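Position 130 of the first sequence, counted from 1, bears residue number 134 in this note's numbering, the numbering being contiguous throughout.
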Amino acid sequence: MPELPEVENVARALSDTMVGRRLDGLKISYPGVLVQSPRTIRSALIGKTLAGVHRHGKYLILEFIDDSGSAHLMIHLRMTGQIFILDGYIPDKHVHLTFNFEGCPVHYRDIRKFGRLELVDDAVNPSAIAHVGPDMLEIRLPEWRRRIAHRTAPIKAILLDQSIAAGLGNIYVDESLFLAGVHPLRRPRDLDPATLAEVLRRAKQVLRLAIKHGGTTFMNFTNFHGKPGNFKTKLCVYGRSGQSCNYCGTTLRKLRVAGRSSVFCPSCQPES
DNA sequence: AAGATTACCTGAAGGC
DNA sequence: TGCCTTCAGGTAATCT
């Protein structure tokens with residue numbers, strides 16, 4: 005499940021390897037992942053050079069330019085999207101699109117077809133995601149506090165809400181709440197300012213650490229070079245229901261919050 | 001308004 | 001070549 009750290013790793017790899025290359029072709033096997041028509045997307049992008057790679061929350065934006073102007077392709081990997089290059093790779097039925105960057109094929113693969121690729125009007129602040137909040141790594145405490153302090157939904161739901169701050173998904177929300185010692189059902193309105201600050205601090209900390217370790221591979225995320233991320237072994241709670249807490253030994257429990265499975269330590273994260 | 005629920009998809013896992 | 005149900009969760013749409 006690609007969240008901010010996984011998308012950041014893809015963005016960095018794309019930037020390091022493909023910026024400066026011209027897009028010579030676009031093989032589209034399943035147009036359903038495209039928001040615009042294949043014709044529109046091809047005519048906007050082919051012949052242009054990749055000039056930059058941007059990320060906002062879990063959104064990836066590729067910036068293309070040529071003498072005639074610029075075009076921007078926004079990509080969201082949703083649940084099972086992957087972008088990678090791999091020597092000798094033969095695309096299987098889940099590869100829906102392949103970019104040809106001057107002879108180098110970059111594949112978009114997505115088992116569940118939830119991901120989307122969309123031409124947008126800006127490389128940094130496209131109107132298509134105007135409703136999405138600031139990036140979780142960029143947001144500062146006063147603004148975050150202003151956006152959540154009055155809210156009465158469970159903190160878990162608030163952290164998953166991309167319109168408040170963008171980047172956390174189910175895995176890193178559970179990890180952040182565990183590190184902050186906050187139960188997923190606690191409500192922001194009932195938490196004191198120091199606790200709210202601690203949740204934000206821990207969220208940024210776990211995101212940065214996961215980026216450093218190449219992200220988390222739980223189901224089928226692979227990085228740009230087709231390799232799994234290394235952060236799974238660092239997870240404290242996600243996927244560990246029934247196992248014991250690393251810190252206190254209490255058996256970790258699972259709850260459903262905001263329609264998501266949520267693993268927490270009943271001892272480190274008291275309900276009130 | 002804000003919170004809650006469901007649709008979109010496929011594959012893995014488990015019950016029988 | 002077993003069939004069926006449940007679960008996984010990011011986002012948009014739809015409900016209360």
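Every residue gets a Cβ at the ideal spot worked out from N, C-alpha and C, and that includes glycine.
Small disclaimer: the values here were computed from a predicted structure and weren't measured.
Looking only at its chain, what residues have a beta carbon closer than 8 angstroms to the beta carbon of L213, apart from the 5 residues adjacent to it on each side?
As a position in the first sequence, residue 213 is number 209, starting the count at 1. So the qualifying residues of the chain are F235, K238.
Quick check: the region 244–258 against the region 214–227, are there 3 or more CB pairs under 8 angstroms?
Contact between the region 244–258 and the region 214–227 is absent, because fewer than three Cβ pairs lie under 8 angstroms.
Beta-carbon proximity list for P35, same chain, < 6 angstroms, skipping 5 on both sides
In the first sequence, the residue the question calls residue 35 occupies position 31. Excluding residues up to 5 positions away in sequence, P42 lie with their Cβ nearer than 6 angstroms to the Cβ of P35 in the same chain.
Helix, strand or coil for P270? Go by DSSP, reduced to three states.
In the first sequence, counting from the first residue as 1, residue 270 sits at position 266. Secondary structure of P270 (DSSP, three-state): coil.
With contact counted as at least three CB pairs below 8 angstroms, one residue from each stretch, are the region 11–29 and the region 57–65 in contact?
Yes, the region 11–29 is in contact with the region 57–65.
Close-in-space but distant-in-sequence residues of the same chain around K208 (CB under 8 angstroms, 5 per side omitted)
Numbered from its first residue, the first sequence carries residue 208 at position 204. Sequence-distant Cβ neighbours of K208 in its own chain, meaning closer than 8 angstroms and more than five residues away, are M140, L141.
Quick one: grab the DSSP three-state call for F105.
Along the first sequence, one-based indexing puts residue 105 at 101. When DSSP states are grouped into helix, strand and coil, F105 belongs to the strand group.
Return helix, strand or coil for A198, following the three-state DSSP convention.
The residue given as residue 198 occupies position 194 in the first sequence. Residue state, collapsed to three classes: helix.
Measuring straight from C-alpha to C-alpha, what distance separates R155 and K62?
Position 151 of the first sequence, counted from the start, is the residue given in the question as residue 155. Position 58 of the first sequence, counted from the start, is the residue given in the question as residue 62. When rounded, the distance between both Cα atoms is 23 angstroms.
Taking DSSP as the reference, what is the three-state secondary structure of E122?
The residue labelled residue 122 in the question sits at position 118 within the first sequence. Annotated three-state conformation of E122 is strand, per DSSP.
Cut-off 6 angstroms between Cβ atoms - residues of its own chain near L259, not counting five sequence neighbours on either side:
What you label residue 259 is simply residue 255 of the first sequence in a count that begins at 1. Excluding residues within five positions, the ones whose Cβ falls inside 6 angstroms are S266.
Using only the heavy atoms of the ligand NAP, determine whether one of them is closer than 8 angstroms to the beta carbon of C249.
Ligands in the displayed structure: none, and consequently the ligand NAP is not present.
Under a Cβ-count criterion, where at least 16 other Cβ atoms within 10 Å of its own Cβ denotes burial, should H187 be classed as buried or exposed?
By 1-based counting over the first sequence, the position of residue 187 is 183. So H187 ends up on the buried side.
Go to S180, then tell me how far its alpha helix (DSSP H) extends in each direction, as first and last residue.
One-based indexing of the first sequence puts residue 180 at position 176. Here the alpha helix (DSSP H) through S180 covers 174–184.
Backbone secondary structure at S245 - three-state DSSP:
Taking the first sequence and counting its residues from 1, one reaches residue 245 at position 241. Judged by DSSP in its simplified three-state form, S245 adopts coil rather than helix or strand.
Would R25 pass as a contact of E106 if the rule is Cβ separation under 9 angstroms?
For the purposes of this step, residue 25 is taken as the residue at position 21 of the first sequence. For the purposes of this step, residue 106 is taken as the residue at position 102 of the first sequence. Going by beta carbons, R25 and E106 fall inside the 9 angstroms limit.
At which residues does the alpha helix (DSSP H) containing K160 begin and terminate?
Counting from one through the first sequence, the residue named residue 160 turns up at place 156. Run containing K160: 159–164, per the alpha helix (DSSP H) assignment.
Using a 10 Å radius around the Cβ and a threshold of 16 neighbouring Cβ atoms, would you call I94 buried or exposed?
Locating residue 94 in the first sequence gives position 90, counting from the first residue. Here I94 is exposed, its C-beta having fewer than 16 other C-beta atoms within 10 Å.
Name the DSSP beta bridge partners of F68, please?
Taking the first sequence and counting its residues from 1, one reaches residue 68 at position 64. Paired residues: L54, A75.
R206: buried (16+ other C-beta within 10 angstroms of its C-beta) or exposed?
Reading the first sequence from its first residue, position 202 is the one you call residue 206. Buried, since its Cβ has 16 or more Cβ neighbours within 10 Å.
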